[in-house]
Structure formats: C-alpha cells, structure tokens
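In short: position in the sequence shown from 1, add 437, done, that's the numbering used here. By construction, the Cβ of each residue, glycine as well, lies at the ideal position given by its N, Cα and C atoms.
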Amino acid sequence: MLNLSMRLNPSGPLTGSLTLPGDKSISHRYAILASLAQGVSTIHNYSSGADCHSTLNALRALGIVITEQGLNVTVNGQGLDGWQAPATDLDCGNSGSAIRMLSGVLAAQPFSSRLIGDESLTGRPMGRVMDPLRQMGAVIEARDGRFPPLAIHGSALRPIDYTLPVASAQVKTCVLFAGMFAEGETVVREPVRSRDHTEIALREFGAQITTAKRVITLTGRPSLEARQLLVPADLSSAAFFLVAALLVPGSDLYLRGVGLNPTRSALLDFLLSAGASLEVVNLEQINGELIGDLHVRHAPIRGGVIEGEVAAALIDEIPVLAVLGAASEHGLTVRDAKELRVKETDRIQTVLDNLRRMGVHADEAPDGMHIPGGQKFHAAKFDSFGDHRIAMAFAIAALHADGPCEIEGAEAASVSFPSFYELLAQAGSTA
Ligand code: S3P
438 MLNLSMRLNP SGPLTGSLTL PGDKSISHRY AILASLAQGV STIHNYSSGA
488 DCHSTLNALR ALGIVITEQG LNVTVNGQGL DGWQAPATDL DCGNSGSAIR
538 MLSGVLAAQP FSSRLIGDES LTGRPMGRVM DPLRQMGAVI EARDGRFPPL
588 AIHGSALRPI DYTLPVASAQ VKTCVLFAGM FAEGETVVRE PVRSRDHTEI
638 ALREFGAQIT TAKRVITLTG RPSLEARQLL VPADLSSAAF FLVAALLVPG
688 SDLYLRGVGL NPTRSALLDF LLSAGASLEV VNLEQINGEL IGDLHVRHAP
738 IRGGVIEGEV AAALIDEIPV LAVLGAASEH GLTVRDAKEL RVKETDRIQT
788 VLDNLRRMGV HADEAPDGMH IPGGQKFHAA KFDSFGDHRI AMAFAIAALH
838 ADGPCEIEGA EAASVSFPSF YELLAQAGST A
C-alpha cells in the first residue's frame, strides 16, 4: 500500500446531508450467504472498503461469479455445496471478518484451502475460531498454532453447543456458518451480546434460526434462497462524522440511511447520555435490519464511562470516542475493552500515542484508558499505524486542533471507507 501523508486543517462547520458507504459487517455476511444460496442475489450499496472486496475476491477464487456495477454487487449463488477448490491462496488482506467468517465455511468443504492476510492480520489471534471448529471436527493448522496463514483441510462437521469465551460476532458467525454444514442443531451461547447481523441475514436467506436469551440455535443444511438486499450505511463510519459535528461549532449535519441495528446503536445511547444533540428520523426495516437518518448538531459533550457490555458494543467506535472524550467537559474512561489490543492495531496504544502527539494527557490501563476532559488539541503529525479507524479518528481530531495537522498513512482509511476524506471535505470541514 502507498504511504500517503495527508494535511488536514482545523475546520469550519459540517453541514448538509451525506450518504455514507455500506456497512462492512453486513456486506461480508451478505456476500458469503449469497454465494451459498441458490440463484442470483443482488446486494445494493455493498461496502466500498477494501475489506469487503477481500471477501468478494476470495469467493471468486472459490468459483463464484460476482459482478460489480458501482456499489451494486451481483452474486451467482451455487447452493450450499457449490464452492470449488481454489487454485490459489485466499487473500483476506486486512480483514479479520473475512478470515474468520470464511474459515467457518471452508472447514466443511471437500477440499483444502489456505487463508492468508497482510502483516496486521498475520498477527491477529485465530485460536478463537480454531477451537470451536476443531470441536466440530475441522482440521486446521496455523502459524505457531494460532496465527494466519490458516491451512484448512475440509472435513465433515458435527454440530456443536458452544459458549463464546470472548464477546465476538466474528467467532459467533464462524461457528454458525460452519453449523450450516453440520446435520442437526448448532447452538451458540453468548454471555455478552454481540452484533446480530448473521442471525438476521441467515433468517433473511431462509435458514431456520432462533434466538432466545442469548442462545442461538441454527438447523443445519438450510436451503438458502437468493435475495435482493440493501446494505445500510455503516454506523461505525457514521461515528466519525457524528463526532466531527459534535466537536465543530455551528455544525448541523444529516446522515442518510444509516444502519441502526440495536446491537450496534449503543453509540447513539452513549452520545445522547453525554449530551449530544442527535435525532433519528425516518426509521424503517429492510431485510430485517433497522435503517434511519441521523440529524446531529454541535453540542457541548459531558464525557462518560464506557465499560462492561457497552465496551463490547462500542469496540469499533472507541478510537474516535477517545478523541471526543479529550475535548469533552469531564473526559472519558474506558474499561473492559482489552479486545482493543487485538484489533487491526493495539488500539489502546495507537490511540494514546496519537493523543500524546497533540499534547493530550491520557493514562493507559491493561483493558482501557482514562482521558481527562477539557484538553486543547495542538497541531501534530499523527500516524495511522496502518489502521483505518486510527487514521479516521485522528483526521477528526485535526478538525479541532489549533493549527494544521498531518496524518502519515492516511490511505489506511480505504480499508473500510475509501471516500472518507472526500466526504469530510464535502461536509465543509477542511478549510
Ligand atoms: C465484526 C465484529 C467485531 C468488529 C469488527 C467487525 C463483525 O469484531 O470489531 O470490526 O463484522 O462481526 P469481533 O467480533 O472480533 O469483536
């Protein structure tokens, strides 16, 4: 990847109306399920991010014909047994979702495959998916026993009754995807609720799946039917614009068609509890997912504490909330978020490193951070460390700084949000 340094200036108000790219989590799931359905599915507003294209390219290497027209993706589903042995390694790029979700399906195929990724992905833990898959009968090898590349020798799988040891929607999805290939009922128990796009999508494609008190039960060998699907705009991408509008005086911004699934919208509850001026309008349900428009205006933010279940629900938004916290009245404390350490970067370290570059004080904890409020942001040179959410979080910090800032590795944003800087400029933010 190029290493682009980008200059960002303090900002004028963010105004107008924006439509942000499709949700990354939902895009991965729709593409994989569409490939396993019988018939042609069209996915509208598919994520433009590199991560979701890693999934499409892996599916192509597995013999699935996929065409793209702008943001609409057409997938020629071949049914549950339609994937073919790949001639090459399957490159998941930077995407933890791609490698963990695909491995669930690959474990059950009558062929072997090898999943690889970039330097960041190659350092991320895979034991969390290997353990349950092995209990189902899968044969998987990993570098040093737990890191990519993953070599998967497909085999017949048996159903499992599995309690998730970490709050992870990727692991849940991996087990449920593998469970599609096992005769009988696969059960996943979630001590802490994680995003439920997989359950909703499986139901939408026609699988038999029930959820009661955080116990999910899927009947194996579903016959999935092709669907017309619309991916809502990604709330985790919207988070950057929400924080930008809250920070910059005079901002008054609409974000259209945003995914507001209750397992993701803890972000809105947190912002509202911290004093945000935020409204949801035009709420509707499409393909089982809630979608609405967000209206956000500049407001002073009190700050708050993110801990327990809320930490799991806000895990992707914590980098940009840390920026907001430093500018808030009382600051931000984050606990119970040690999963941040095994994301695309160790996001506790990379957030604190960049905050300190601006002269912002912050304390590190093994499972979080404490950032006192009311701090000034001094012009600084940031580093994305190759992490999309770090690049975008500090592009937002730059809007509030006392002079022009630079971001090294700004292009990392394209992993989830290639048009991020363009839309930020469109909202009137780069003076
Ligand atoms: C995702 C789940 C989360 C999240 C990631 C996407 C998903 O990861 O951080 O960006 O699509 O299921 P974990 O499930 O590992 O917590």
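With the cut-off set at 7 Å, would you say residue i and residue j are in Cβ contact?
i	j	result
G657	G621	yes
L666	I480	yes
S688	L451	yes
M617	L587	no
V612	P569	yes
G810	R772	no
A799	I808	yes
A774	A748	yes
G740	S765	yes
V779	V680	no
H871	S853	Outside the shown range of the chain (438 to 868) lies residue 871, about which nothing can therefore be said.
G533	R561	yes
V760	I833	yes
S851	A487	yes
Rounded to whole angstroms, how far is the Cβ of residue i from the Cβ of residue j, which I believe are closer than 8 Å?
i	j	result
T700	S605	No, T700 and S605 are not in contact; Cβ-Cβ is about 13 Å, not under 8 Å.
A474	T492	With 8 Å as the limit, A474 and T492 do not qualify as a contact, their Cβ atoms being about 15 Å apart.
V502	N494	About 13 Å separates the two Cβ atoms, so there is no contact after all.
T782	I827	6 Å
E754	S673	6 Å
E746	V629	5 Å
F707	L751	6 Å
T600	R626	4 Å
Please list, in chain order, all residues of the same chain as residue i whose beta carbon is under 8 Å from its beta carbon, the five residues on each side excluded.
i	result
I723	L667, P669
A644	M617, L655, T656, P659, L661
V477	T511, V512, N513, G514, A663
A498	P523, A524, T525, L527
D730	Y691, L692, R693, G694, V695, V717, V718, N719
Going by beta carbon distance, what residues of the same chain come within less than 6 Å of residue i, once the five residues before and after it are set aside?
i	result
V624	D598, T654
S442	E843, E845
D633	T700
T648	E636
L544	The residue you asked about is not Leu; residue 544 is Ala in the sequence shown. Hits under 6 Å: L570, A575, I589, A615.
S484	P458, G459, K461, S464
Does residue i come out as helix, strand or coil in the three-state DSSP assignment?
i	result
D899	Past the boundaries of the shown model lies residue 899; the chain is included only from 438 to 868, so the question cannot be answered.
D488	helix
P686	coil
T867	Low confidence applies here, because T867 scores a pLDDT of 45, under 50, leaving its location unreliable and the question unanswered by this model.
C842	strand
D872	What is shown of the chain runs 438 to 868, which leaves residue 872 out entirely.
E620	coil
P855	coil
Q645	coil
Y483	coil
H732	strand
S557	helix
V603	coil
I597	coil
H590	strand
Check whether chain B comes within 7 Å of residue i, counting only Cβ atoms and requiring the distance to be less than that.
i	result
A524	Given the protein chain composition of this structure (a single chain), no chain B is represented.
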